[in-house]
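Chemist:
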Amino acid sequence: MRHLRHGANATIDPRQCEPQLCANIIGVVWGKAYSWHSFSKWMPLMITELGHFALILAFMVAIVQTFVPLVGAHKGWRSWMAVAEPAASAQFMLTAFAFGALMWAFISSDFSLLLVVQNSHSAKPMLYKISGTWGNHEGSMLLWVLIVSLFGATAAWFGTNLPPSLRARVLSVQGAIGVAFFAFILFTSNPFTRLAVPPFDGQDLNPLLQDPGLAFHPPFLYLGYVGLSMAFSFAVAALIEGRVDAAWGRWVRPWTLAAWIFLTIGIALGSWWAYYELGWGGFWFWDPVENASFMPWLLSAALLHSAIVVEKRESLKSWTILLAILAFGFSLIGTFIVRSGLLTSVHAFANDPERGVFILMILGFFTGGALILFALRAGTMEAKGVFGLVSRESALLTNNILLAVSCFVVFVGTMWPLVAEMFFDRKLSVGPPFFNMAFTPFMLVLGLVLPVGAMMPWKRAEIKRAFYPLRYAFVLALAIAGLVWVMQTGRSILGPIGVFLAAWVVMGAIIDLASRTGRGGGRWGRLLRLPRADWGKMLSHSGLGITMLGVAGITSWQYEDIRVAQIGQPYDVGAYTITLNGVADSEGPNYLATIADITLSKDGRVLSEMRPEKRIYPVAQMPTTEAAIDYNLARDVYVVIGDEQDAGGWAVRTYVKPLTNWIWIGCAFMALGGCFSLSDRRFRVAAGARKTNAKAVPAE
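No gaps in the numbering here: position 557 of the sequence shown is 564 in the numbering used here, and each next residue is one more.
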């Protein structure tokens, strides 16, 4: 370039340019580059500050959403009631921005945030940087309020056919839940707390959480926990209005079903993670935090079945409202258990009594307040439908009682050590033996009743007539159990009982579906045209039976071997041969590993090359165990490498676990069945409302 243009017509030869002018030109170019560098440097900090500001704004919007629509519904002011929908949408968008800002801080390793320092590291894989956003107390609570606001916004977007007063009250109660948890976050658990002097790197995420199963487990679990807040909001709104009818039952079911689906997936992912990650080979330990997720699942299943009776027969209204309150109440109890520090668990997020007291106050306000309102409004929930002692209504009530009592048993077993220490000054441990003895009988009775109850008609039924189509299934299930009893030697009777219940429940669900096609030709065509809810019911009930089969297999026929294995010397475990070929050290992205090379064979045929690991995360100074598992529908062979022994060899723990994978296959069937039911036109809120409006034609 020979000339630089100056003004309109003049040009300047750079070679003749004065030194000061050259300096000015260079300064302008350098200044622009420096300003961009400065902006890119400070941009993450700006995003974080905007996220904090958005969280405060969402808190304020939630306050407006709580009070304005509630007053409007009470006074009949439509303009005030109409505030609920935009407020719910604004609350969700602001909370989503705040959550996205926190996630950006983890992705970009912004160590000016205390939370990022405590739960991240620059060398951590990207998946775990993202999951680190909710892999801690503060971030998980922000995820909690994000989901609260999401469900509220969803009710605003898709609940347009709800009566305006009911919709306003539902969104108002949902907003009140948001207010409580926004206050909890901002005053006790702020995720945007800054450090005056940021460190060069972080302290890393808990190594146990650096796993794909645990990356997705909390979001699904929270979608289930918080999803029950919608059932709670519908229940409280109905109590305020003093009206619970069939339309209300139709509206509340999709929200309960969605929460139950998410809880099912979340619990299954957590169980699967515990199975392959913790190295002890079990799928369920009755840990307090495991129980905290299981109790709402039991109550939401009962609520789902109880809402059917309200919708179809306008009966069990009080029972349904009570279940809706208790289901969300137990979700809050689970939050309290995880974060108060009163009960220890590998899954616990926090050990802070101050935070526990705050959550206890939230629990007392919402659950206690709802129960008081329930007592005051008991007279408005008079049942209209009358039914006999033997009927589908009675069968569903029996189902609900079994689920509710089993939940109470789990609650007592979970909380009793705390009660004993507080009031009797005794340290007790309630473990799997208590839960297996106290909980299992209720599930056995539930499995026996389920197929017959599903075949009963409404109002009045005969047990013999309901059992008649199931007679061959019952005989076949007994025959299968008898065959298993003959084949096993010296084992527990729980195995054959579990196989019988599994076969009975699955075949009963299939027969129930087939019976809906009627008789005569064209049954296959009618089967395919059945409502999706009928298919969903069959899949969910079958999934329960399949899970029972898996639990029976792993608890009754598991084989365990613990020994010191010498390199190159094969040994037998049941029908399998294990050979430790060698042990080598390796290095991962943010961990050091000791990896064993093990050959699994049977009758001289190699089945698998297995590589169990022991890992140490230097930053967190924490070891983990990575089991090697040869998966099979009939059994799993599960191998864990231990420490090197002074006398030579390595400690190796081996399990043969029959039918284990059927546990999670059954859970997948239950979740899939829930999705089928949720997609049915009859179970969508809008469709239900349109159906109600279409029938509401005045008589001439």
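For glycine and all other residues, C-beta sits at the position ideal for the given N, C-alpha and C.
Here's the rule: buried if 16 or more other CB atoms are within 10 angstroms of the residue's CB, otherwise exposed. What is glutamate 400?
Modeler: Buried: at least 16 other Cβ atoms inside 10 Å.
Chemist: Unbroken alpha helix (DSSP H) runs of length 4 or more, entirely within the stretch 106-148: which are they?
Modeler: Listed in chain order, the complete alpha helix (DSSP H) runs (minimum 4 residues) inside the stretch 106-148 are 121-126 and 133-138.
Chemist: With the cut-off set at 8 angstroms, would you say histidine 144 and serine 196 are in Cβ contact?
Modeler: For histidine 144 and serine 196, yes; Cβs fall inside 8 angstroms.
Chemist: Please classify lysine 471: does DSSP put it in a helix, a strand, or coil?
Modeler: Here lysine 471 sits in helix by DSSP.
Chemist: Taking the C-alpha atoms as reference points, what is the distance between serine 398 and valine 180?
Modeler: Whole-angstrom Cα-Cα distance: 36 angstroms.
Chemist: Would you tell me roughly how many angstroms separate the C-alpha atoms of valine 78 and leucine 153, rounded to the nearest one?
Modeler: Taking the straight line from one Cα to the other gives about 25 angstroms.
Chemist: State the Cα-Cα distance for the pair alanine 299 and glutamate 651, rounded to the nearest angstrom.
Modeler: Computed Cα separation, rounded: 38 angstroms.
Chemist: Since I believe phenylalanine 269 is in contact with proline 1 (beta carbons under 8 angstroms), could you give me their beta-carbon distance rounded to a whole number of angstroms?
Modeler: Residue 1 falls outside the range modelled here, since the chain spans only 8 to 707, and no answer is possible.
Chemist: Can you give me the Cβ contacts of leucine 618 inside the same chain, cut-off strictly under 8 angstroms, excluding the 5 residues immediately before and after it?
Modeler: Reading off the sequence shown, one finds arginine at residue 618, where the question assumed leucine. If we look at arginine 618 and ignore the five residues flanking it on each side, its Cβ neighbours are Ile602, Ala603, Asp604, Ile605 and Ala635.
Chemist: Roughly how many angstroms separate the alpha carbons of lysine 39 and leucine 202, rounded to a whole number?
Modeler: For lysine 39, the predicted structure reports a pLDDT of 44, less than 50, and the residue's modelled location is therefore unreliable. A value from the coordinates is still provided. Roughly 30 angstroms between the two C-alpha positions.
Chemist: Comparing C-alpha positions only, which one of Pro448, Phe335 and Val419 sits nearest to serine 436?
Modeler: Closest option to serine 436, Cα to Cα, is Val419.
Chemist: Using a 10 Å radius around the Cβ and a threshold of 16 neighbouring Cβ atoms, would you call valine 646 buried or exposed?
Modeler: By the 10 Å Cβ count, valine 646 comes out buried.
Chemist: Which stretch, first to last residue, makes up the beta strand (DSSP E) that contains lysine 609?
Modeler: That run of the beta strand (DSSP E) goes 599-609.
Chemist: In angstroms with no decimal places, state the Cα-to-Cα distance between phenylalanine 373 and threonine 421.
Modeler: Cα to Cα, the separation comes out at about 22 angstroms.
Chemist: Give me the Cβ distance between aspartate 687 and glycine 543, rounded to the nearest whole Å; I'm assuming they're in contact under 8 angstroms.
Modeler: Right, the Cβ-Cβ distance comes to about 7 angstroms (below 8 angstroms), so this counts as a contact.
Chemist: By how many angstroms is the C-alpha of arginine 174 removed from the C-alpha of tryptophan 423?
Modeler: Roughly 40 angstroms separates the two Cα atoms.
Chemist: Quick one: any contact between the stretch 86-101 and the stretch 117-128, if contact means 3 or more CB pairs under 8 angstroms?
Modeler: Output reads no: the stretch 117-128 does not touch the stretch 86-101.
Chemist: List the endpoints of the continuous alpha helix (DSSP H) containing glycine 589.
Modeler: Glycine 589 -> not in any alpha helix (DSSP H); beta strand (DSSP E) instead, spanning 583-594.
Chemist: In three-state DSSP terms, what is tyrosine 624?
Modeler: It is a strand residue.
Chemist: What are the boundary residues of the beta strand (DSSP E) that includes methionine 617?
Modeler: Start and end: 612-617.
Chemist: Got a sec, what are the start and stop residues for the beta strand (DSSP E) tyrosine 638 sits in?
Modeler: Tyrosine 638 -> no beta strand (DSSP E), and no H or E assigned at all.
Chemist: Please report the straight-line C-alpha distance between tryptophan 511 and leucine 520, rounded to a whole angstrom.
Modeler: In a straight line, the C-alpha of tryptophan 511 is about 14 angstroms away from that of leucine 520.
Chemist: Can you confirm whether the stretch 637-645 touches the stretch 535-551 when touching is taken to mean that 3 or more C-beta pairs between the two stretches lie within less than 8 angstroms?
Modeler: Flag = no, the stretch 535-551 and the stretch 637-645 do not touch.
Chemist: Counting only the same chain and skipping the five closest in sequence on each side, list residues whose C-beta sits under 8 angstroms from that of tyrosine 282.
Modeler: Closer than 8 angstroms at the Cβ level, and outside the excluded window around tyrosine 282, lie Gly288, Gly289, Phe290 and Thr667.
Chemist: Relative to the alpha-carbon of glutamine 210, which residue among Ser116, Ala480 and Ile184 has its alpha-carbon at the smallest distance?
Modeler: Among Ser116, Ala480 and Ile184, the Cα nearest to that of glutamine 210 belongs to Ser116.
Chemist: If contact is defined by three or more beta carbon pairs under 8 angstroms, each pair taking one atom from either stretch, is the stretch 563-579 in contact with the stretch 490-509?
Modeler: The answer is yes - the stretch 563-579 touches the stretch 490-509, with three or more Cβ pairs under 8 angstroms.
Chemist: Report the rounded CA-to-CA distance for leucine 614 versus alanine 582, giving the unit in angstroms.
Modeler: Taking the straight line from one Cα to the other gives about 12 angstroms.
Chemist: Let me check one thing: in DSSP terms, what residues is arginine 201 bridge-paired to?
Modeler: Looking at the DSSP assignment, arginine 201 forms a beta bridge with Leu120.
Chemist: Between which two residues does the alpha helix (DSSP H) harbouring valine 416 extend?
Modeler: That run of the alpha helix (DSSP H) goes 399-431.
Chemist: By how many angstroms is the C-alpha of valine 426 removed from the C-alpha of alanine 61?
Modeler: Between alanine 61 and valine 426, the C-alpha separation is close to 41 angstroms.
Chemist: Specify, as a first and last residue, the run of the beta strand (DSSP E) that isoleucine 569 falls within.
Modeler: First-last of the beta strand (DSSP E) with isoleucine 569: 566-572.
Chemist: Would you mind giving the Cβ-Cβ distance between alanine 238 and threonine 200, rounded to the nearest angstrom? I have them listed as a contact below 8 angstroms.
Modeler: The pair is not a contact, with the Cβ atoms about 34 angstroms apart (cut-off 8 angstroms).
Chemist: Looking at the strands, I want to know which residues DSSP matches up with valine 663.
Modeler: Answer is Tyr566 and Val644.
Chemist: Grab me the residues of tryptophan 87's own chain with a C-beta within less than 7 angstroms of its C-beta, minus the 5 sequence neighbours each way, in chain order.
Modeler: Closer than 7 angstroms at Cβ, skipping near neighbours: Val75, Pro76, Val78 and Gly79.
Chemist: When the distance is taken between beta carbons, is glycine 58 closer than 8 angstroms to alanine 103?
Modeler: For alanine 103 and glycine 58, no; Cβs fall outside 8 angstroms.
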